[in-house]
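Heads up: the sequence lines are chains A and B, in that order. According to the working numbering, the residues represented by the first sequence are 20 to 339, in order. According to the working numbering, the residues represented by the second sequence are 188 to 462, in order. One structure is given below, encoded as structure tokens.
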Amino acid sequence: MPTTATPLRTPVRARSGTPTPRRRVRSGRGAAGTSRSERLAPYLLVAPAVLIIGVFRLYPLALGVNFSFTGDGERNGQAVGLDNYTVLFDDPLFIASMRNVGLLVLLLPVAVAIPGLLATFIYLRVPGHRVYRSVYFFPAVLSPVIIGAIFNLLLAFDGPANALLGAVGLGPVDWLGDPDVAMYAVVGVHIWATFGMALVVFLAGFATLDASLIDAARVDGASLPKVVRHVIVPGLSRTIQFVVVTTMIGMLTSMFGLLYVMTGGGPEGSTYLPEYYIWFQQGQMGRPALASAASTVLFGVMLVVGLAQIAVLRRAGRED
Amino acid sequence: MSPLRAGRWLAAIPMAALAIATVYPLVFTANVAMKTRHEYVLDRFAPAEGLRWEAFATAWSSADMGRYLANSLIVVTGAVALLLLFGSMAGFALSQLRFRGSRLLFLACLSALFIPFQVIMVPLARIMGQTGLIDTHPGLVLAYTAQFLPFTVFLMTSYYSGIPPEIIDAARIDGNSVYGVYGRIMLPLGRPALLSVGILNALFCWNDVLIALLLMPSAEHRTLMVGVTSLRGQYSADIPTFAGGVLIAAVPVLVLYLCFQRQITAGVTAGATKG
Numbered sequence: 020m021p022t023t024a025t026p027l028r029t030p031v032r033a034r035s036g037t038p039t040p041r042r043r044v045r046s047g048r049g050a051a052g053t054s055r056s057e058r059l060a061p062y063l064l065v066a067p068a069v070l071i072i073g074v075f076r077l078y079p080l081a082l083g084v085n086f087s088f089t090g091d092g093e094r095n096g097q098a099v100g101l102d103n104y105t106v107l108f109d110d111p112l113f114i115a116s117m118r119n120v121g122l123l124v125l126l127l128p129v130a131v132a133i134p135g136l137l138a139t140f141i142y143l144r145v146p147g148h149r150v151y152r153s154v155y156f157f158p159a160v161l162s163p164v165i166i167g168a169i170f171n172l173l174l175a176f177d178g179p180a181n182a183l184l185g186a187v188g189l190g191p192v193d194w195l196g197d198p199d200v201a202m203y204a205v206v207g208v209h210i211w212a213t214f215g216m217a218l219v220v221f222l223a224g225f226a227t228l229d230a231s232l233i234d235a236a237r238v239d240g241a242s243l244p245k246v247v248r249h250v251i252v253p254g255l256s257r258t259i260q261f262v263v264v265t266t267m268i269g270m271l272t273s274m275f276g277l278l279y280v281m282t283g284g285g286p287e288g289s290t291y292l293p294e295y296y297i298w299f300q301q302g303q304m305g306r307p308a309l310a311s312a313a314s315t316v317l318f319g320v321m322l323v324v325g326l327a328q329i330a331v332l333r334r335a336g337r338e339d
Numbered sequence: 188m189s190p191l192r193a194g195r196w197l198a199a200i201p202m203a204a205l206a207i208a209t210v211y212p213l214v215f216t217a218n219v220a221m222k223t224r225h226e227y228v229l230d231r232f233a234p235a236e237g238l239r240w241e242a243f244a245t246a247w248s249s250a251d252m253g254r255y256l257a258n259s260l261i262v263v264t265g266a267v268a269l270l271l272l273f274g275s276m277a278g279f280a281l282s283q284l285r286f287r288g289s290r291l292l293f294l295a296c297l298s299a300l301f302i303p304f305q306v307i308m309v310p311l312a313r314i315m316g317q318t319g320l321i322d323t324h325p326g327l328v329l330a331y332t333a334q335f336l337p338f339t340v341f342l343m344t345s346y347y348s349g350i351p352p353e354i355i356d357a358a359r360i361d362g363n364s365v366y367g368v369y370g371r372i373m374l375p376l377g378r379p380a381l382l383s384v385g386i387l388n389a390l391f392c393w394n395d396v397l398i399a400l401l402l403m404p405s406a407e408h409r410t411l412m413v414g415v416t417s418l419r420g421q422y423s424a425d426i427p428t429f430a431g432g433v434l435i436a437a438v439p440v441l442v443l444y445l446c447f448q449r450q451i452t453a454g455v456t457a458g459a460t461k462g
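Here it is in structure tokens:
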């Protein structure tokens with residue numbers, strides 16, 4: 020079994036390959052004896068991490084779900100049942116943000132295929148492969164805010180992107196000002212900025228691949244598409260699943276900086292995503308309860324993505 | 188030439204083009220920052236007439252970037268220190284010590300990996316407000332620590348579970364307490380993982396804008412990335428200065444990447460290949 024897997028498996032198990040976790044340093048053995056402080060030591064060691072995660076991550080999750088069933092403004096703190104959710108699904112802005120989530124799902128195969136294909140070529144030692152790896156990864160370390168600011172210049176109506184189009188005789192495009200184009204422009208920039216991340220994950224997956232299989236296929240004279248389809252894709256199924264889920268989560272949760280800098284949700288609300296909607300309702304409109312309802316919906320979407328992943332993994336596990 | 192060889196050469200052309208497309212935006216921005224406003228209006232693409240550092244100096248002094256930079260440094264240093272300390276402590280205990288409830292605690296830490304910040308930001312802002320931590324450096328340090336701790340605990344647990352237990356047994360027989368084993372054995376042995384996780388966490392905290400925007404609202408507490416978002420409005424008529432400000436904010440990250448590229452990619456792929 021390849022070592023690639025998702026964080027869902029516990030490391031102890033995957034490493035030792037046996038169902039019983041390997042735990043040592045038993046209290047009661049060794050020179051230090053079984054003093055009370057020794058027995059408490061493991062708890063004291065995990066306490067800071069568990070407390071911080073509990074108080075600032077798990078507790079707010081429960082609080083937020085609770086919060087989404089209370090009112091805003093004059094009805095602050097009162098139970099309002101599902102009112103926030105009714106308002107939410109009547110709000111064209113929220114509907115637009117959910118429609119954009121659908122668009123992201125449709126674009127997901129592109130966002131996975133591009134780094135996958137590039138990683139394949141790098142693995143097959145395309146001339147210059149060493150350079151490409153570092154060059155492609157570097158936008159991934161830049162903040163979305165910086166990327167967004169740079170692309171504000173590049174995609175300006177009188178900027179380089181349109182100058183390039185003009186040079187080949189195509190009319191200028193209002194990249195960030197046209198409601199039909201803006202979302203594609205922002206997603207395109209997001210993919211440009213993050214494909215290096217998926218690329219290095221793919222390359223790590225390739226490192227676990229049995230090279231002799233590819234050599235054998237090459238000796239048999241298999242064409243490149245055939246090698247990809249019959250040797251590489253099956254061998255990397257776990258890596259591909261990991262990239263699919265992390266890319267989807269990335270698109271749902273790390274585009275705020277780009278949206279904030281490039282479009283501010285506009286034009287005409289066409290570039291809203293749930294995360295931007297939550298921030299807008301909480302920070303700008305003073306409607307935290309409504310924002311909490313949107314958060315709960317977003318969490319539901321993420322859960323579906325996660326559960327779908329587990330289901331796919333289980334099926335793949337059976338095929339192994 | 189075999190079909191695969193031919194394919195490789197064919198692929199090299201679009202790949203080189205993509206590499207240029209990856210670097211060009213930054214080169215363009217650097218070139219713009221070197222221009223005068225007049226030069227920029229006349230021709231966006233022509234190389235700047237010389238190395239002019241004025242835009243950087245203007246952005247640095249008039250946009251208060253020094254203060255933003257200091258805020259970022261304080262918060263990132265604090266958060267990374269806490270993350271490494273708490274992450275390695277928990278990772279050691281969860282991977283090498285036997286105690287009741289360890290599995291449950293590990294799963295609790297892990298489950299937080301699947302809670303994005305957007306889902307908890309409203310209640311978190313409220314908690315921070317009630318405890319007086321909002322708009323303070325310790326508050327943002329805690330928020331970053333909480334945000335990246337699940338990932339850090341996961342990676343440290345996975346790294347430490349690869350260390351042979353015989354090493355720890357030997358140290359115990361030599362008379363070390365559990366804390367002694369942590370301080371004298373686990374911390375030094377964990378150095379490669381700590382370096383990788385530390386750099387990655389520094390990048391995450393440094394690059395964040397949403398958490399800082401939410402929890403550090405006042406202008407004097409802005410982090411550098413929040414500061415960058417306000418440059419556009421401030422210098423809408425002075426694009427070279429805008430470009431200079433953006434590059435000032437990008438340079439520390441680029442330097443970090445050039446120095447620690449291997450550790451960064453190792454950290455990114457660890458989540459996929461380990462565990």
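Positions of the beta carbon are idealized from the N, C-alpha and C atoms, including for glycine. This structure is a prediction, so every number in the text was calculated from the model and none was measured.
With three or more C-beta pairs closer than 8 angstroms as the rule, is the segment 165 to 181 of chain A touching the segment 249 to 257 of chain A?
No, because fewer than three Cβ pairs between the segment 249 to 257 of chain A and the segment 165 to 181 of chain A fall closer than 8 angstroms, the two stretches do not touch.
Exposure of G432 of chain B, with buried meaning 16 or more beta-carbon neighbours within 10 Å:
Start at 1 with the first residue of the second sequence, and residue 432 of chain B comes out as number 245. G432 of chain B is buried by the Cβ-count criterion.
Can you list the residues of chain A that Q448 of chain B reaches, using a CB-CB cut of under 8 angstroms?
Position 261 of the second sequence, counting from 1, holds the residue named residue 448 of chain B. Neighbours of Q448 of chain B on chain A, chain order: S153 and F156.
Among B:G326, B:A233, B:A437 and B:F215, whose alpha-carbon lies nearest the alpha-carbon of L269 of chain B?
In the second sequence, counting from the first residue as 1, residue 269 of chain B sits at position 82. Residue B:G326 is the option with its Cα nearest to L269 of chain B.
Just to confirm, are P404 of chain B and P79 of chain A a CB contact at a threshold of 8 angstroms?
On the second sequence, residue 404 of chain B is found 217 positions in, with the first residue counted as 1. On the first sequence, residue 79 of chain A is found 60 positions in, with the first residue counted as 1. No, these two residues do not count as a Cβ contact at 8 angstroms.
Less than 8 angstroms separating the beta-carbons of V120 of chain A and V320 of chain A?
For this step, residue 120 of chain A is matched to residue 101 along the first sequence. For this step, residue 320 of chain A is matched to residue 301 along the first sequence. Yes, the pair counts as a contact, with Cβ atoms nearer than the cut-off.
Chain-ordered chain B contacts of P179 of chain A [CB-CB under 8 angstroms]:
Numbered from its first residue, the first sequence carries residue 179 of chain A at position 160. Here the neighbours are F215, R231 and F232.
Would you mind sorting R378 of chain B into buried or exposed? The rule is 16 or more other CB atoms within 10 Å of its CB.
Within the second sequence, numbered from 1, the residue matching residue 378 of chain B stands at position 191. Looking at its Cβ environment, which holds fewer than 16 other Cβ atoms inside 10 Å, R378 of chain B is exposed.
Reduced DSSP category for N363 of chain B - H, G, I as helix; E, B as strand; rest coil:
Residue 363 of chain B sits at position 176 when you count from the first residue of the second sequence. If DSSP states are grouped into helix, strand and coil, N363 of chain B belongs with coil.
Given T223 of chain B as reference, the closest of B:A437, B:V455 and B:A424 once Cα atoms are compared
Here residue 223 of chain B refers to the residue found at position 36 of the second sequence. Closest by alpha carbon: B:A424.
For C446 of chain B, count neighbouring Cβ atoms within 10 angstroms of its own Cβ and tell me buried if that reaches 16, exposed if not.
Counting from 1 along the second sequence, the entry for residue 446 of chain B is found at position 259. C446 of chain B comes out exposed.
Name the residues in the segment 360 to 373 of chain B whose C-beta lies less than 9 angstroms from a C-beta of chain A; which are they?
Along the segment 360 to 373 of chain B, the positions whose C-beta sits under 9 angstroms from a C-beta of chain A are I360, D361, G362, N363, S364, V365, Y366, G367, V368 and Y369, read in chain order.
Secondary structure of A250 of chain B, DSSP reduced to three states:
Your numbering for residue 250 of chain B matches position 63 in the second sequence. A250 of chain B falls in the coil class under three-state DSSP.
Just verifying my parser: in three-state terms, what is the DSSP assignment at G73 of chain A?
Reading the first sequence from its first residue, position 54 is the one you call residue 73 of chain A. Helix, per DSSP.
Looking only at DSSP bridge pairs, what is G90 of chain A linked to?
Here residue 90 of chain A corresponds to residue number 71 of the first sequence, with the count starting at 1. Answer by DSSP bridge pairing, in chain order: A:N95.
Listed in chain order, which residues of the segment 269 to 281 of chain A have Cβ atoms closer than 8 angstroms to some Cβ of chain B?
L271, T272, F275, G276, Y279 and V280
Contact check, A220 of chain B vs F243 of chain B, beta carbons under 8 angstroms:
To locate residue 220 of chain B, count along the second sequence from 1; it is residue 33. To locate residue 243 of chain B, count along the second sequence from 1; it is residue 56. Yes, these two residues count as a Cβ contact at 8 angstroms.
With a threshold of 8 angstroms on Cβ separation, who are the neighbours of G96 of chain A within its own chain once the five nearest residues in sequence on each side are excluded?
As a working mapping, residue 96 of chain A is identified with position 77 in the first sequence. Once the five neighbours on either side are set aside, the close Cβ partners of G96 of chain A are T89 and G90.
Below 8 angstroms on the Cβ atoms is my contact criterion, and I expect P179 of chain A with F429 of chain B to pass it. Report the Cβ-Cβ distance as a whole number of Å.
Counting from 1 along the first sequence, the entry for residue 179 of chain A is found at position 160. Counting from 1 along the second sequence, the entry for residue 429 of chain B is found at position 242. Contact flag wrong, Cβ pair sits at about 15 angstroms.
Does the Cβ of L441 of chain B lie closer than 7 angstroms to at least one heavy atom of the ligand SAH?
Absence of the ligand SAH is noted for the structure shown, with no ligands found whatsoever.
Any idea what DSSP makes of L382 of chain B, helix, strand or coil?
The residue labelled residue 382 of chain B in the question sits at position 195 within the second sequence. Of the three classes helix, strand and coil, the one that applies to L382 of chain B here is helix, per DSSP.
With 16 other Cβ atoms within 10 Å as the buried cut-off, status of G414 of chain B:
One-based indexing of the second sequence puts residue 414 of chain B at position 227. Classification of G414 of chain B: buried, given that the 10 Å Cβ count is 16 or more.
Check the C-beta distance from F170 of chain A over to V208 of chain A and give it rounded, since I have them as a contact under 8 angstroms.
Taking the first residue of the first sequence as position 1, residue 170 of chain A is located at position 151. Taking the first residue of the first sequence as position 1, residue 208 of chain A is located at position 189. The C-beta distance from F170 of chain A to V208 of chain A rounds to 5 angstroms, short enough to meet the 8 angstroms contact threshold.
Distance CB(V328 of chain B)-CB(V160 of chain A) smaller than 8 angstroms
Position 141 of the second sequence, counted from the first residue, corresponds to residue 328 of chain B. Position 141 of the first sequence, counted from the first residue, corresponds to residue 160 of chain A. With contacts defined by Cβ atoms closer than 8 angstroms, V328 of chain B and V160 of chain A do not form a contacting pair.
Which runs of the alpha helix (DSSP H) fall wholly inside the segment 110 to 191 of chain A and span at least 4 residues, in chain order?
Here the runs fully enclosed are 111 to 142, 148 to 156, 163 to 173 and 179 to 186.
From this set, B:L272, B:A204 and B:G253, which residue's C-alpha is nearest I71 of chain A's C-alpha?
The sequence position of residue 71 of chain A within the first sequence is 52, counting from 1. For the residues B:L272, B:A204 and B:G253, the minimum Cα distance to I71 of chain A belongs to B:L272.
Relative to chain A, which residues along the segment 423 to 444 of chain B have a C-beta separation below 8 angstroms, given in chain order?
Of all residues in the segment 423 to 444 of chain B, only I426, F429, A430, V433, A436, A437, V440, L441, L443 and Y444 place a beta-carbon less than 8 angstroms from a beta-carbon of chain A.
Reference T139 of chain A, options A:R257, A:A313 and A:L222, closest by Cα:
Against the first sequence, residue 139 of chain A aligns to sequence position 120. It is A:L222.
Just to confirm the assignment, what range does the alpha helix (DSSP H) spanning P293 of chain A have?
Taking the first sequence and counting its residues from 1, the one referred to as residue 293 of chain A is at position 274. Its alpha helix (DSSP H) spans residues P293 to W298.
Can you check whether the C-beta of C392 of chain B is within less than 8 angstroms of a C-beta belonging to chain A?
Along the second sequence, one-based indexing puts residue 392 of chain B at 205. Judged by the 8 angstroms Cβ criterion, C392 of chain B is not in contact with chain A.
Looking at C-alpha atoms only, which residue of B:Q421, B:P212, B:L443 and B:F279 is the closest neighbour of A380 of chain B?
Looking up residue 380 of chain B in the second sequence gives position 193. The residue among B:Q421, B:P212, B:L443 and B:F279 with its C-alpha nearest the C-alpha of A380 of chain B is B:F279.
Taking only runs of the alpha helix (DSSP H) that begin and end inside the segment 365 to 450 of chain B, which ones reach a length of at least 4 residues, in chain order?
365 to 368, 378 to 394, 397 to 402 and 411 to 421
Classify L277 of chain A as helix, strand or coil using the three-state DSSP reduction.
Taking the first residue of the first sequence as 1, we reach residue 277 of chain A at position 258. Three-state result, L277 of chain A: helix.
For L291 of chain B, the residue or residues it bridges with in DSSP
On the second sequence, position 104 is the one that residue 291 of chain B refers to. In DSSP, L291 of chain B forms no bridge with anything.
Applying the 10 Å Cβ sphere with the 16-neighbour rule, what's the burial state of Q305 of chain B?
Along the second sequence, one-based indexing puts residue 305 of chain B at 118. With 16 or more other Cβ atoms from the protein chains shown falling within 10 Å of its own Cβ, Q305 of chain B counts as buried.
Take the Cβ of Y211 of chain B as the centre, count every other Cβ of all protein chains shown within 10 Å, and call the residue buried at 16 or more, exposed below.
Reading the second sequence from its first residue, position 24 is the one you call residue 211 of chain B. By the neighbour-count rule (16 or more Cβ atoms within 10 Å), Y211 of chain B is not buried but exposed.
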